[in-house]
Structure formats: structure tokens, C-alpha cells
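Protein chains: 4
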Amino acid sequence: MRTIGARRWAIADGYIPAWSRGREPQMTSHDTVCILNANAEEAHIEIVLYFSDRAPVGPYRVTVPAERTRHIRFNELCDPQPVPLDTDYASVISSDIDVVLQHTRLDSRQQELALMTTIAYPAPAAG
Amino acid sequence: MRTIGARRWAIADGYIPAWSRGREPQMTSHDTVCILNANAEEAHIEIVLYFSDRAPVGPYRVTVPAERTRHIRFNELCDPQPVPLDTDYASVISSDIDVVLQHTRLDSRQQELALMTTIAYPAPAAG
Amino acid sequence: MRTIGARRWAIADGYIPAWSRGREPQMTSHDTVCILNANAEEAHIEIVLYFSDRAPVGPYRVTVPAERTRHIRFNELCDPQPVPLDTDYASVISSDIDVVLQHTRLDSRQQELALMTTIAYPAPAAG
Amino acid sequence: MRTIGARRWAIADGYIPAWSRGREPQMTSHDTVCILNANAEEAHIEIVLYFSDRAPVGPYRVTVPAERTRHIRFNELCDPQPVPLDTDYASVISSDIDVVLQHTRLDSRQQELALMTTIAYPAPAAG
Chain H
1 MRTIGARRWA
11 IADGYIPAWS
21 RGREPQMTSH
31 DTVCILNANA
41 EEAHIEIVLY
51 FSDRAPVGPY
61 RVTVPAERTR
71 HIRFNELCDP
81 QPVPLDTDYA
91 SVISSDIDVV
101 LQHTRLDSRQ
111 QELALMTTIA
121 YPAPAAG
Chain C
128 MRTIGARRWA
138 IADGYIPAWS
148 RGREPQMTSH
158 DTVCILNANA
168 EEAHIEIVLY
178 FSDRAPVGPY
188 RVTVPAERTR
198 HIRFNELCDP
208 QPVPLDTDYA
218 SVISSDIDVV
228 LQHTRLDSRQ
238 QELALMTTIA
248 YPAPAAG
Chain V
255 MRTIGARRWA
265 IADGYIPAWS
275 RGREPQMTSH
285 DTVCILNANA
295 EEAHIEIVLY
305 FSDRAPVGPY
315 RVTVPAERTR
325 HIRFNELCDP
335 QPVPLDTDYA
345 SVISSDIDVV
355 LQHTRLDSRQ
365 QELALMTTIA
375 YPAPAAG
Chain X
382 MRTIGARRWA
392 IADGYIPAWS
402 RGREPQMTSH
412 DTVCILNANA
422 EEAHIEIVLY
432 FSDRAPVGPY
442 RVTVPAERTR
452 HIRFNELCDP
462 QPVPLDTDYA
472 SVISSDIDVV
482 LQHTRLDSRQ
492 QELALMTTIA
502 YPAPAAG
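These protein sequence lines map, in sequence, to chains H, C, V and X.
Residue numbering for the first sequence follows my numbering, beginning at 1 and increasing consecutively.
Residue numbering for the second sequence follows my numbering, beginning at 128 and increasing consecutively.
Residue numbering for the third sequence follows my numbering, beginning at 255 and increasing consecutively.
Residue numbering for the fourth sequence follows my numbering, beginning at 382 and increasing consecutively.
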């Protein structure tokens, strides 16, 4: 079966709400990138974060095993440094093989949760 | 009229909330793939699920009649096995003819519901 | 300036919630297709609805004036027939010139509202 | 590293809710375009707004520094004129270099917030 996805992706609206309500960890406010690696090989991923008022930070390195998905909360990234809360950011995600990315935020700052999702922006393959 | 859609699609953020509140079945928490088959022929669909910590499961087989839509809750897939709740997954959906896919989640774990949707990721046509 | 958009679009997840709470018309539950016509000419649009268990209905005809947007609630379509509530549907939207489509649902069945949106699926230009 | 993004984008569903509840500014209802400029040069952006019943307004001019993101609330645009509340609009966003755009709305008109997001519609590169 052919591979599916792209090697470079972007998410322009990064934001981790600063507080949460409800049962942990499901209801903890989070900003997530879901990565699907449908290939027969491990994917090596690099995430670079962009901010409004400081230099980019990264790469954060992540691997996704062959034929697996990983749903990574930006909240949990810590090397080279944790992602600040209540701060606008964006990300560019690069992989050595094709993967599919979806961006989802769960916001539980108020009593009830709010959800949003979008397939991330895939860069067209290099010509 | 020309066909519309693609033959392979992916959804990276699969997740079925583990509990629900409110009137059934409308308010039951669900993770749904909506499939539009605008063709004059039946579409034969295969869904493969990917997990973070186990081998892929599938294919689940679904048909969508000619000129019909089906909104399929992952909660309802049962062959070869039910989809576990409160578990990260992803999916690749293949069809023998062009279809259009949209991914929607309704989360009613708290008193009020939350919704999210995105057009799924379409694989470019094979060169 | 060049035109922007596509001439055929699809929305796979159509659904009008059957009830609402809150101030009308802003808080009335609705399923909306937002159409942007950035051209110097009027756009002539045709919408065909697909269902799970009956033949397609349409076309519904809509015009969008030059350099205008129209946010059309499916709830308000009535010719050739109103769109049933609490019923799964999908739509294919065709235009004689390039337009941009976004699909948004506001669900106010419970005390608080829920929102979801996605750019619709654009058919690639005919080769 | 190659650039990522496109030079022309559209958002068909613009709408700023007319009222808000909760802590400012995080909980103020807003309609936002998040712009990522991953290039080594500043991006010069022009936003034109389209309405249902009046001529287009703009361009609003915005810059995004090299390797930065800006999350711009339409609520805050004021030159050539503020964006009216509770009014349907759409936008075309042009940049002199490739950028990535995501559209997000936070609606806090009721006690609890609602969120929606989508990657904006990118115009294919000129042939």
C-alpha cells in the first residue's frame, strides 16, 4: 500500500490555556498534535515553535513507531524547554517520512469544555 | 457530472470519550466519519485503525450506496472488534471510488456538549 | 487580482439540530455554508443534498453578488423543499465561477452553545 | 530550509459575536486569524473584508516579522475602519511571501465558551 501524508506541516494557532477544570488528565486543557505514521518504518519528527516576540525554539524531537499514532500534547514537550502557557505560538513539524497531522485543542478553563480541530497545513511535496 | 473526492483519506485524531450525558442517541459522545458518495455506483470502503501501543486493527468494511451519505460512528464499528473508549487512535480510509470524508466529534462528558469537525486529509491521486 | 477558490465543493457532515435555546436568530441551532465570491461578477450556485436513505434533493439555487459573501443557513433553504431536522445529510455545491466555502454549525440544543467549522472540500480543477 | 505556506488565503466565515462573558482579554469573544511567517524575512500582509450588503473594505495592512507568528483578532483591526460586530463577513489575505493561516473563533456569549478552528483556504500558486 502506498504511503499517506506529507513531510512538512504547519499549525498557525498554537495556544495552551492557562488553567483547567475537571478530571485529570482527560479534562486538563491541552493543545495537541496528533501524528499518524501509517508506514512500515519509524518516523523521526522535529517540531519548531514560533512566537510573537522571541526567537523560535527547537527542534523538539519525537519519534512515532511504524504503524502507530501518537497524540502529543504541547503541554508535555520539555526539551529544549517547556512551552509557556497563555502565550500565542505556531509550529512547523518536519518528518523524514510521510505522516498525517491533525491539531486539536481542548479548553476547560470554564466549567464546561470546548473543543476545536483541524487537519494541519501540509506543505506540497518539493518539485 | 464529474465525480468528487479522493480514494484514500486519513484522520489522525481519533478518540471516543468514555462517558456521556443527555438524551440518547443524539447526545451520546461519539467520534464520526461522514462519507459522501456522490457517484452513480456503490462505494466499498475499508477502514484501518492505528493505535499508540498495539498493531493496527482492520479492515472494517462499510458500503455507501450510490448517491448517498453515511455518517458512521466509530463507536458502532464492531467487526473485527469494537473500538476501545478513552483511547487514542487514528484511521486510514480507502474506497474503490472517489468519496468525500469529514471527521466530527461530539463530546458530552460534561453537562454541555462540545463539537469539533474537519474535512479529513485526502491523499493526492496516484501519479 | 486573480480569482480565488474552486467551482465544486463538498460538505460530508450535514446536520441541523432539532431544537435550540437562547436568543433568536443568533442562538438558533444552524448548519451554515459561508460562500465568498471575491470576483467582479455574480456567482450562480447550485446545492444538491444527499441523504442516507432517500434520493438526492435539489438543486437549490442561490446567487452571491460580485464581491460579496453570503452565509446561508441550510435551515432556510426551502425550494424545492425544506431540509429535514435531526437528519444526516451531505452536500455538493457547484458554482459557475470560483468561490470559497466554509462550513459552520452552531448547536444550542443544550444550555450552552457548541461551534464547529471547516473549510469545505474543494474539487481540484478539471484537468 | 524551504519556505512553507501560500501567498493568498481566504476565510469565508467571518463573524464577531456581539457580546462576551468572563475574564478579559482571554475570554472576550473574538474572531482571529493566526499567521505564521517561518521565513527569514518580514511578511507584508493585506486583508480585504467582504460583506453581504456593502462594498469590500480594506486593505488592512499588517506585518509579521521574520520567524514570528501573529494571532490577530479582527476585533482589533481599525484602519481603514473597525469591523462591525454581529455582522457576516469574509476575508481575503494576501502576503508578499509564503505564510500559513489558521482561522479561530472563541465565542463567549453564553456562560461557557465555544471554540472553532480551521486552516484557512490557500490559493494554489499561480501557474
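By construction, the Cβ of each residue, glycine as well, lies at the ideal position given by its N, Cα and C atoms.
- About 14 Å separates the beta carbon of C:V219 from that of H:A6, a gap too long to meet the 8 Å contact definition.
- Put simply, the backbone Cα of C:P144 is about 33 Å away from that of V:P310.
- Residue-level contact check: X:V443 does not touch chain H, since none of the beta carbons of chain H fall below 9 Å from its beta carbon.
- The region 349 to 362 of chain V makes no contact with the region 444 to 451 of chain X, as fewer than three CB pairs between them are under 8 Å.
- A distance below 8 Å between beta-carbons, with the five flanking residues on each side excluded, links X:P461 to the following residues of its chain, in chain order: V438, G439, Y441.
- Straight-line measurement puts the Cα of H:R8 at about 10 Å from the Cα of H:A120.
- Listed along the chain, the chain H residues whose CB falls inside 8 Å of the CB of C:M243 are T104, L115, M116, T117.
- When secondary structure is reduced to three states using DSSP, V:N293 falls in the coil class, being assigned neither helix nor strand.
- Contact annotation: in the region 317 to 348 of chain V, residues whose CB is within less than 8 Å of a CB in chain X are E321, R322, T323, R324, H325.
- The beta carbon of H:G14 sits closer than 9 Å to some beta carbon of chain X.
- Residues of chain H with a Cβ closer than 9 Å to the Cβ of X:I385 are, in chain order, R8, W9, A10, V92, Y121, A123.
- At a cut-off of 9 Å between beta-carbon atoms, H:R109 makes contact with chain X.
- Linking V:I301 to V:V287 through their CA atoms gives a straight-line distance of about 10 Å.
- Counting only Cβ-Cβ distances below 8 Å, V:E366 has contacts in chain X at Q491, Q492, E493, A495, in chain order.
- One Cα belongs to H:A66, the other to H:H44, and the distance between them is close to 10 Å.
- Within 10 angstroms of the beta-carbon of H:E112 lie 16 or more other beta-carbons, which makes it buried.
- Restricting attention to H:T87, H:D98, H:P122, the CA atom closest to the CA of H:T63 is found in H:D98.
- V:E300 carries a strand assignment under DSSP once its states are collapsed to helix, strand and coil.
- The alpha helix (DSSP H) runs of length 4 or more contained entirely in the region 182 to 244 of chain C do not exist; there are none.
- Each of X:R435, X:P463, X:M408 was checked against the Cα of H:A114, and the nearest Cα belongs to X:M408.
- Only buried fits V:D285, as 16 or more other CB atoms lie within 10 angstroms of its CB.
- X:H484 and H:D13 have their alpha carbons spaced roughly 8 Å apart.
- For V:V354, the nearest CB of chain X lies under 9 Å from its own CB, placing it at the interface with that chain.
- Between X:S433 and chain V, the shortest Cβ-Cβ separation is below 9 Å.
- Taking all protein chains shown into account, C:L212 has fewer than 16 neighbouring C-beta atoms within 10 Å of its C-beta and is therefore exposed.
- Looking at the DSSP output, C:Y248 sits in a beta bridge with C:A137.
- When the five nearest sequence neighbours on each side are left out, no beta carbon in the same chain lies closer than 7 Å to the beta carbon of X:R383.
- Proximity of C:P186 to chain H, defined by a Cβ-Cβ separation below 9 Å, is not satisfied.
- Of all alpha-carbon atoms in V:P378, V:T372, V:A294, V:D342, the one lying nearest the alpha-carbon of V:L355 is that of V:T372.
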